[in-house]
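**Student:** Chains A and B, in that order, give the protein sequences.
Residue numbering for the first sequence follows my numbering, beginning at 1 and increasing consecutively.
Residue numbering for the second sequence follows my numbering, beginning at 1001 and increasing consecutively.
Glycine included, every Cβ here is placed at the ideal spot set by N, Cα and C.
Sharing a structure with you now.
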Amino acid sequence: MYAQMVKSTGNQVKNLEEMEPDERAFQTRINADIKIEAKDWMPDGYRRTLIRQISQHAHSEIVGQLPESNWIKRAPTLERKAILLAKVQDEAGHGLYLYCAAETLGISRDEMTEQLLAGKAKYSSIFNYPTLSWADMGAIGWLVDGAAIMNQVPLQYCSFGPYARAMVRICKEESFHQRQGFDIMMKLVGGTKAQKDMAQDALNRWWWPALMMFGPPDASSVHSAQSFAWNIKQNSNDELRQKFVDQTVPQAQHLGLEIPDADLVWNEDKGSYDYGAVDWDEFFAVLSGNGPCNAERLQARQKAWDDGAWFREGLTANAQKRAKL
Amino acid sequence: MSSTAKKANIVKKASTVKKAGTVKKEWPLWEVFVRGQHGLAHRHVGSLHAPDSKMAMNNARDVYTRRGEGLSIWVVPSHTITASAPSDKGPLFEPANSKVYRHPGFFNIPDEIGHM
Ligand SMILES: [Fe+2]
Ligand SMILES: [Fe+2]
């Protein structure tokens, strides 16, 4: 998802009898749905895994602003521009809530920024695709934010208090994002033939990358068991992907658009859709830095950091001067 | 430029970040409290980094009240907050456990008395 490949400890999940008293007390609390707070004792692996997961999630929110910011200046009306601006501003806020949550675990904001700029940190593969037309703003809100919601709603109930609370704030705002996207799609499909074609083209390009957002198939997700036991992951990748397909296909039908998957078919027995094979080679290539826009995204983040330096320094100097007065 | 060359270029550039001194000592952390429309107490909503109280207030407005969540904001330097330690949970909170009579439900009042 926004954290697609979180390396966990790689160790086998222990059962309660095998644990030292501290860890047993910790796991017992998680099993009883009691939140873990930043100052509570926690296993090192829990801390490290969560730092990775939350910082990947935060980086995704921040980098995720870039594809959409491409269209702020070119939005078709002043109202659409204001709406898109508000949506992108929300994503900046999501990044900040999440950076704060990660900081409670002992990593600093600057360390996380450095990791991102150095190309060492992961963020969601979805944000490495280009936004070629206005219809992409519709497809992103509808599909990308839609997929994000699917993953973030259960995270509101995860075991780590600061992460769960950040997710509560985020989920309150996401529905606006998805609905504004769907609204753009509705407008386009109700328009001219060229506008409807634009909507279909956007769906064609975003559908498969959206399915990849849920991460690799369960059979190759090696790190899930421990994250399930710690209640920092509640649903398997394939489970959420299926849910997303089942929810989205009828919405596409309502729009009169066609999902770009020849193998998509309703399966009466399982009561859900069968869908075609996802190109996992593409996913791993994009995640490891070789997607269409990886370099451009990091350059944009680096430029923002560099261009903001004089302002940050000015504020710091001013604060220091006033503190001395 | 090939994409690998491009990538190498970025990585090189990024590694100079620290040396160039653009990553400075971090701005202090502030805790943000917001009082909503309905006259309840200020409630903790999150935290942020800012160089001083004025910027902390500006940022708190942008980050935590984009949807009319509040009528008043407090920003407090995080380091000035004294928090109870998790290990104090016993001595602090256990004494209350044995005093169930503090809850009104402890007392049985006959139905015919009505609401009390
Ligand atoms: Fe978001
Ligand atoms: Fe969003």
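Please tell me whether, using a cut-off of 7 Å, the distance from the CB of L1048 of chain B to the nearest non-hydrogen atom of ligand 3 is below it.
**Tutor:** Ligands present in the displayed structure are limited to ligand 1 and ligand 2, and ligand 3 is not among them.
**Student:** Looking only at C-alpha atoms, which of A:A25, A:K243 and A:A300 sits nearest to D274 of chain A?
**Tutor:** Measuring from the Cα of D274 of chain A, the nearest candidate turns out to be A:K243.
**Student:** Note down, in chain order, all residues in the segment 1035 to 1058 of chain B with a beta-carbon under 7 Å from any beta-carbon belonging to chain A.
**Tutor:** Under the 7 Å Cβ criterion, the segment 1035 to 1058 of chain B contributes G1046, S1047, L1048, H1049, P1051, D1052 and M1055.
**Student:** Identify which residue in B:A1083, B:D1062 and B:E1094 has its Cα closest to the Cα of D334 of chain A.
**Tutor:** Because chain A is modelled from 1 through 325, residue 334 of chain A falls outside the range shown and cannot be assessed.
**Student:** In angstroms, rounded to a whole number, what distance separates the CA positions of G271 of chain A and A210 of chain A?
**Tutor:** When rounded, the distance between both Cα atoms is 22 Å.
**Student:** How many angstroms separate the CA atom of A1085 of chain B from the CA atom of G1046 of chain B?
**Tutor:** If I take the Cα positions, the gap works out to 19 Å.
**Student:** Can the beta-carbon of L287 of chain A be found less than 8 Å from the beta-carbon of M5 of chain A?
**Tutor:** Closer than 8 Å, so yes.
**Student:** Under a CB-based cut-off of 8 Å, is W310 of chain A close to chain B?
**Tutor:** W310 of chain A does not count as touching chain B.
**Student:** For M1116 of chain B, count the other beta carbons within 10 Å of its own beta carbon; 16 or more makes it buried, fewer makes it exposed. Which is it?
**Tutor:** With fewer than 16 Cβ atoms within 10 Å of its Cβ, M1116 of chain B is classed as exposed.
**Student:** Write down the C-beta distance between E1031 of chain B and S1078 of chain B rounded to the nearest angstrom, noting that I regard them as a contact closer than 8 Å.
**Tutor:** Confirmed, about 5 Å.
**Student:** Does the pairing of the segment 164 to 173 of chain A with the segment 123 to 131 of chain A give three or more beta-carbon distances under 8 Å?
**Tutor:** Judged by Cβ distances under 8 Å, the segment 164 to 173 of chain A makes no contact with the segment 123 to 131 of chain A, as fewer than three pairs qualify.
**Student:** Going by beta-carbon coordinates alone, are H162 of chain A and A38 of chain A separated by less than 8 Å?
**Tutor:** Residue identity check: residue 162 of chain A is Pro in the sequence provided, not His. Going by C-beta atoms, P162 of chain A is nearer than 8 Å to A38 of chain A.
**Student:** For the pair the segment 184 to 191 of chain A and the segment 211 to 221 of chain A, tell me if three or more CB-CB distances fall below 8 Å.
**Tutor:** No contact exists between the segment 184 to 191 of chain A and the segment 211 to 221 of chain A.
**Student:** Buried or exposed for E103 of chain A, please, with buried defined as at least 16 other CB atoms from any protein chain shown within 10 angstroms of its CB.
**Tutor:** The residue in question, E103 of chain A, is buried, as its Cβ has 16 or more Cβ neighbours within 10 Å.
**Student:** Which runs of the beta strand (DSSP E) spanning at least 3 residues fall entirely within the segment 128 to 184 of chain A, listed in chain order?
**Tutor:** Complete beta strand (DSSP E) runs here, min 3: none at all.
**Student:** With 16 as the cutoff for other CB atoms within 10 Å, does Q226 of chain A come out buried or exposed?
**Tutor:** By the neighbour-count rule (16 or more Cβ atoms within 10 Å), Q226 of chain A is buried.
**Student:** Is the segment 57 to 74 of chain A close to the segment 135 to 146 of chain A, with three or more CB pairs under 8 Å?
**Tutor:** Short answer: they touch.
**Student:** Tell me the rounded alpha-carbon separation between E17 of chain A and I149 of chain A.
**Tutor:** Taking the straight line from one Cα to the other gives about 37 Å.
**Student:** Against chain A, with Cβ distances strictly below 8 Å, would A1085 of chain B count as a contact?
**Tutor:** Interface residue, yes.
**Student:** Roughly how many angstroms separate the alpha carbons of H59 of chain A and A92 of chain A, rounded to a whole number?
**Tutor:** So the alpha carbons of these two residues sit roughly 10 Å apart.
**Student:** Output the distance between the C-alpha atoms of D136 of chain A and H94 of chain A, rounded to the nearest integer angstrom.
**Tutor:** Straight-line Cα distance between these residues: approximately 21 Å.
**Student:** Hey, does R1061 of chain B have any beta-carbon neighbour from chain A nearer than 8 Å?
**Tutor:** Not an interface residue.
**Student:** Along the chain, where does the beta strand (DSSP E) containing G93 of chain A start, and where does it finish?
**Tutor:** Careful: G93 of chain A lies outside any beta strand (DSSP E), inside the alpha helix (DSSP H) at L78 to E103.
**Student:** In the DSSP assignment, what are the bridge partners of H1049 of chain B?
**Tutor:** B:L1029.
**Student:** Determine whether the Cβ of C171 of chain A lies closer than 8 Å to any Cβ atom of chain D.
**Tutor:** In summary, chain D is missing from the structure at hand, where the protein chains are A and B.
**Student:** I'd like to know whether the C-beta of C100 of chain A is nearer than 8 Å to at least one C-beta of chain B.
**Tutor:** Taking Cβ atoms only, chain B reaches closer than 8 Å to C100 of chain A, which makes this a yes.
**Student:** Based on DSSP bridge pairs, tell me the residues matched to P1077 of chain B.
**Tutor:** Its beta-bridge partners are B:W1030.
**Student:** Just to confirm, is the Cβ distance from R301 of chain A to L85 of chain A under 8 Å?
**Tutor:** Not in contact: R301 of chain A and L85 of chain A (Cβ atoms no closer than 8 Å).
**Student:** Any heavy atom of ligand 1 within a distance shorter than 7 Å of the CB on I140 of chain A?
**Tutor:** Incorrect: I140 of chain A has no Cβ contact closer than 7 Å to ligand 1.
**Student:** DSSP on R1043 of chain B, reduced to helix/strand/coil?
**Tutor:** Strand at R1043 of chain B.
**Student:** Please list, in chain order, the residues of the segment 178 to 209 of chain A that have any C-beta partner in chain B closer than 7 Å.
**Tutor:** From the segment 178 to 209 of chain A, no residue has a Cβ closer than 7 Å to chain B.
**Student:** With a Cβ-Cβ cutoff of 8 Å, do W207 of chain A and P292 of chain A count as a contact?
**Tutor:** Taking 8 Å as the Cβ cut-off, W207 of chain A and P292 of chain A do not qualify as a contacting pair.
**Student:** What residues from chain B crowd round A319 of chain A, counting only those whose CB sits closer than 7 Å?
**Tutor:** Going along chain B in sequence order, the residues near A319 of chain A (Cβ under 7 Å) are P1051 and D1052.
**Student:** Which residue's Cα is closest to the Cα of L1048 of chain B: B:R1066, B:R1061, B:E1112 and B:K1025?
**Tutor:** Nearest C-alpha to L1048 of chain B: B:R1061.
**Student:** Is I170 of chain A near ligand 1, going by C-beta to nearest heavy atom under 7 Å?
**Tutor:** Yes, Cβ of I170 of chain A sits closer than 7 Å to a heavy atom of ligand 1.
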